[in-house]
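Read through the structure below, which is laid out as structure tokens, and then see the notes.
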Amino acid sequence: MKTISHVLLLAVLLVSLSCQNQSTKKESTIPTLKEAFEGKFLLGTALHVDHTNGVRKQSADLVEQQYNSIVAENCMKPEEIHPSKGVYNFKEADQFVEYGEKNNMFIVGHTLVWHSQVPDWFFLDDEGNTVSREQLIERMRDHIHTVVGRYKGRVQAWDVVNEAIDDKEGLRKSKWHQIIGEDFIELAFQFAHEADPDAELYYNDYSLILPHRRAEAVKLVKNLIDKGIRVDGIGMQAHYGIDYVKIPEFEKSITDFASLGVKVMLTELDISVLPFPTEEISAEISQKYALVPEFDPYTSTLPDSMQAKLAQNYVDLFKVLLKYQEKIGRVTFWGVNDAHTWRNNWPIEGRTDHPLLFDRNNQPKKAYHAVLELANSPTKG
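Going left to right, the sequence shown walks through residues -21 to -1, 1 to 360 as mature numbering (1 follows the signal peptide of the UniProt record, and there is no 0) numbers them.
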């Protein structure tokens, strides 16, 4: 009787182990984002320094599993890497590049010239007066040659100029533009190419699905190309909101940019599920508004209805991306999971947003599964 009991127990254990192995095997066969889109375009994410220094280990594991491209969230911006005259801080940028190399990823440096997150010293002389055009050009040259040169052959691509287009008309009247003139853009691309002739060079900007901003971007990049300046791609920052994107305009931006003969990329993709505090949605980082409950409705969890809506928004975008996959170089999410997305603090600090494919515990959301299903569909949507 005892022997029979042992045999039965052993049989139950074997069945249980078999089921667990089958379940594990089944889970391991579920494709990741980078596998699902292999041969179509790269899938990437922006990395915080805590992903590369070991602090956010679980999130870093998710990055290595899901993505084949990374971009520096902040550690390569001028205020971080070049905080004062003659002083460079490469520690965090070095860690970022080493992490990408270790995991065989396509590495993008972000960003060389921008109106924001650049220290004031760039634009002032030793007496505190505005520098001359010649001085600022030389400072730009030194910055780009030093940063790009340090990672020559290791960083595959650079966002050379970021957000140079004004929200209303023409080019943004940034300090770069005021002191140097509009040719600061072509000089930046020229210096970057000198520093690493093999690196891909991109222009990156937000709201490029809006007709006037799209037209300015086409004009800007075409002008550079006509002058013989190397430009390899246009990055469409994609800081969108639920039901914000008009798909025909999104599609037209892709085709208009691709007609210039450059790569098209979604570079900073996230879709906020929260109401925007103004009717005119923008991604200008300087916007700030007060926190009130009506603008923070999902503090505990995201309802199923909003999960479904978010998933559909992502599917609508990826249908177009797959339609033009031969023109798309890369799609990069701006953040790894909902816990650390910048959308929790912009344009209202302290909110609880849910804009990415992975929740606060690094678990895949309905949107993740919907995008994977689309990628693996024979009809591709």
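Every residue, glycine too, gets a C-beta built ideally from N, C-alpha and C.
ask   = Measuring CA to CA, which of N82, G65, A72 is closest to Q45?
value = Position 66 of the sequence shown holds residue 45. That would be N82, whose Cα lies nearest to the Cα of Q45.
query = If we call anything under 8 Å between Cβ atoms a contact, is G207 one with Y181?
reply = Here residue 207 refers to the residue found at position 228 of the sequence shown. Here residue 181 refers to the residue found at position 202 of the sequence shown. Going by C-beta atoms, G207 is not nearer than 8 Å to Y181.
ask   = Going by beta carbon distance, what residues of the same chain come within less than 7 Å of V(-7), once the five residues before and after it are set aside?
value = Indexing the sequence shown from 1 puts residue -7 at position 15. Summary for V(-7): the model assigns pLDDT 46, below 50, so the residue's position carries little reliability; its value from the coordinates is reported in the next sentence. Here V(-7) has no same chain residue with a Cβ atom under 7 Å from its own Cβ, once five neighbours each way along the sequence are excluded.
message = Distance check for Y293 and V350, CA to CA, integer angstroms please.
response = Start at 1 with the first residue of the sequence shown, and residue 350 comes out as number 371. Start at 1 with the first residue of the sequence shown, and residue 293 comes out as number 314. The C-alpha of Y293 is placed about 7 Å away from the C-alpha of V350.
task = Measure the CB-CB distance between L203 and E165 and report whether it falls below 8 Å.
result = As a working note, residue 203 is residue 224 in the sequence shown. As a working note, residue 165 is residue 186 in the sequence shown. Cβ atoms of L203 and E165: closer than 8 Å.
inquiry  = Please state whether the Cβ-Cβ distance between K70 and N47 is less than 8 Å.
reply    = Residue 70 sits at position 91 when you count from the first residue of the sequence shown. Residue 47 sits at position 68 when you count from the first residue of the sequence shown. No. Outside cutoff.
key: Residue environment, R112, which counts as buried when at least 16 other CB atoms sit within 10 Å   = Within the sequence shown, the letter at position 133 stands for residue 112. The residue in question, R112, is exposed, as its Cβ has fewer than 16 Cβ neighbours within 10 Å.
request  = With DSSP as the reference, label P343 as helix, strand or coil.
outcome  = Along the sequence shown, read from residue 1 onward, the residue named residue 343 stands at position 364. Of the three classes helix, strand and coil, the one that applies to P343 here is strand, per DSSP.
query = Which residues does DSSP pair with T109 in a beta bridge?
reply = Numbered from its first residue, the sequence shown carries residue 109 at position 130. According to DSSP, T109 bridges with L103.
query = For E179 versus A136, is the C-beta distance shorter than 8 Å?
reply = As a first step, residue 179 must be located in the sequence shown, where it is residue number 200. As a first step, residue 136 must be located in the sequence shown, where it is residue number 157. Yes; because the gap between Cβ atoms is below 8 Å, this pair is in contact.
request  = Taking F85 as the reference, give the member of Q286, V42, F274 with the closest Cα.
outcome  = One-based indexing of the sequence shown puts residue 85 at position 106. Cα-wise, what sits closest to F85 is V42.
query = If you draw a straight line from the alpha carbon of F236 to that of P62, how long is it in whole angstroms?
reply = Within the sequence shown, numbered from 1, the residue matching residue 236 stands at position 257. Within the sequence shown, numbered from 1, the residue matching residue 62 stands at position 83. Approximately 34 Å between the Cα atoms of the pair.
inquiry  = For N53 and G23, I'd like the C-alpha separation in whole angstroms.
reply    = By one-based count along the sequence shown, residue 53 stands at place 74. By one-based count along the sequence shown, residue 23 stands at place 44. Cα to Cα, the separation comes out at about 16 Å.
ask   = According to the Cβ coordinates, are L301 and G314 closer than 8 Å?
value = Residue numbering aside, residue 301 sits at position 322 when the sequence shown is read from its first letter. Residue numbering aside, residue 314 sits at position 335 when the sequence shown is read from its first letter. Taking 8 Å as the Cβ cut-off, L301 and G314 do not qualify as a contacting pair.
inquiry  = So, with DSSP's three-state summary, where would you put Y78?
reply    = Locating residue 78 in the sequence shown gives position 99, counting from the first residue. Helix at Y78.
key: Own chain residues within Cβ distance below 7 Å of K267, not counting five before or after   = Sequence index remark: in the sequence shown, residue 267 carries index 288 (1-based). Counting only Cβ-Cβ distances below 7 Å, and skipping sequence neighbours, we find P326.
L281 versus V271 - alpha carbon distance = Here residue 281 corresponds to residue number 302 of the sequence shown, with the count starting at 1. Here residue 271 corresponds to residue number 292 of the sequence shown, with the count starting at 1. Cα-Cα distance, rounded: 18 Å.
inquiry  = Please state whether the Cβ-Cβ distance between R118 and F101 is less than 8 Å.
reply    = Here residue 118 is taken as the residue at index 139 of the sequence shown, counted from 1. Here residue 101 is taken as the residue at index 122 of the sequence shown, counted from 1. Cβ distance < 8 Å, so R118 and F101 count as in contact.
ask   = Where in the region 138 to 219 do unbroken runs of the alpha helix (DSSP H), each at least 4 residues long, occur, reported from the N-terminal end onward?
value = For the region 138 to 219, whole alpha helix (DSSP H) runs of length 4 or above, ordered along the chain, are 154 to 159, 163 to 174, 190 to 205.
query = Out of curiosity, what's the CA-to-CA distance linking residue 362 and R209?
reply = Nothing can be reported for residue 362: it is not among the residues displayed for the chain, which extend from -21 to 360.
key: Counterpart residues of Y67 in DSSP-defined beta bridges   = In the sequence shown, counting from the first residue as 1, residue 67 sits at position 88. Checking the DSSP bridge columns, you'll see Y67 has no partner listed.
message = Buried or exposed, going by whether 16 or more other CB atoms sit within 10 Å of the CB of Q96?
response = Here residue 96 refers to the residue found at position 117 of the sequence shown. When all chains shown are included, Q96 counts as exposed.
ask   = Quick one: what does DSSP say L26 is sitting in, helix, strand or coil?
value = As a working mapping, residue 26 is identified with position 47 in the sequence shown. In the structure shown, L26 sits in a strand (DSSP, three-state: E or B).
query = What's the gap between the Cα of F168 and the Cα of E77?
reply = On the sequence shown, position 189 is the one that residue 168 refers to. On the sequence shown, position 98 is the one that residue 77 refers to. Looking at the two C-alpha atoms, the distance is approximately 25 Å.
key: Inter-residue spacing [alpha-carbon to alpha-carbon] between V224 and Q291   = Counted from its first residue, the sequence shown places residue 224 at position 245. Counted from its first residue, the sequence shown places residue 291 at position 312. Cα-Cα distance, rounded: 12 Å.
key: Own chain, CB closer than 8 Å to E273, minus 5 neighbours either side, in chain order   = On the sequence shown, residue 273 is found 294 positions in, with the first residue counted as 1. P254, listed in sequence order.
Beta-carbon proximity list for V299, same chain, < 8 Å, skipping 5 on both sides = Residue numbering aside, residue 299 sits at position 320 when the sequence shown is read from its first letter. By the criterion of a C-beta distance shorter than 8 Å, V299 is surrounded in its chain by I226, F229, E230, I233, once the five residues flanking it on both sides are discounted.
query = Run through DSSP, which three-state label would Q1 get?
reply = In the sequence shown, counting from the first residue as 1, residue 1 sits at position 22. Confidence at Q1 is low in this model, with a pLDDT of 44, below 50, so the placement of that residue is unreliable and no value is reported for it.
ask   = What's the C-alpha gap between K64 and I159?
value = Taking the sequence shown and counting its residues from 1, one reaches residue 64 at position 85. Taking the sequence shown and counting its residues from 1, one reaches residue 159 at position 180. Distance between the alpha carbons of K64 and I159 is about 19 Å.
For Y303, the nearest candidate out of A318, L245, D317, T278 (CA to CA) = Stepping through the sequence shown from its first residue, residue 303 is reached at position 324. It is L245 whose Cα lies nearest to the Cα of Y303.
request  = Quick one: grab the DSSP three-state call for T320.
outcome  = Looking up residue 320 in the sequence shown gives position 341. In the structure shown, T320 sits in coil (DSSP, three-state: anything other than H, G, I, E or B).
message = For P98, tell me which candidate among E59, V241, G308 has the shortest Cα-Cα distance.
response = Counting from one through the sequence shown, the residue named residue 98 turns up at place 119. Comparing Cα positions, the closest option is E59.
inquiry  = Which residue marks the beginning of the alpha helix (DSSP H) containing E14, and which one marks its end?
reply    = Along the sequence shown, one-based indexing puts residue 14 at 35. Unbroken alpha helix (DSSP H) run through E14: 12 to 15.
Through-space distance from K131 to T278, alpha-carbon basis = As a position in the sequence shown, residue 278 is number 299, starting the count at 1. As a position in the sequence shown, residue 131 is number 152, starting the count at 1. So the two alpha carbons sit approximately 44 Å from each other.
task = Please check the pair L91 and V134, which I expect to be a contact at CB under 8 Å, by giving their CB distance rounded to whole angstroms.
result = As a working note, residue 91 is residue 112 in the sequence shown. As a working note, residue 134 is residue 155 in the sequence shown. With a Cβ gap of about 11 Å, L91 and V134 do not count as contacting.
request  = Below 8 Å on the Cβ atoms is my guess for V200 versus V241; work out the distance and round it to an integer in Å.
outcome  = Taking the first residue of the sequence shown as position 1, residue 200 is located at position 221. Taking the first residue of the sequence shown as position 1, residue 241 is located at position 262. That belief holds up - the Cβ atoms of V200 and V241 are roughly 7 Å apart, short of 8 Å.
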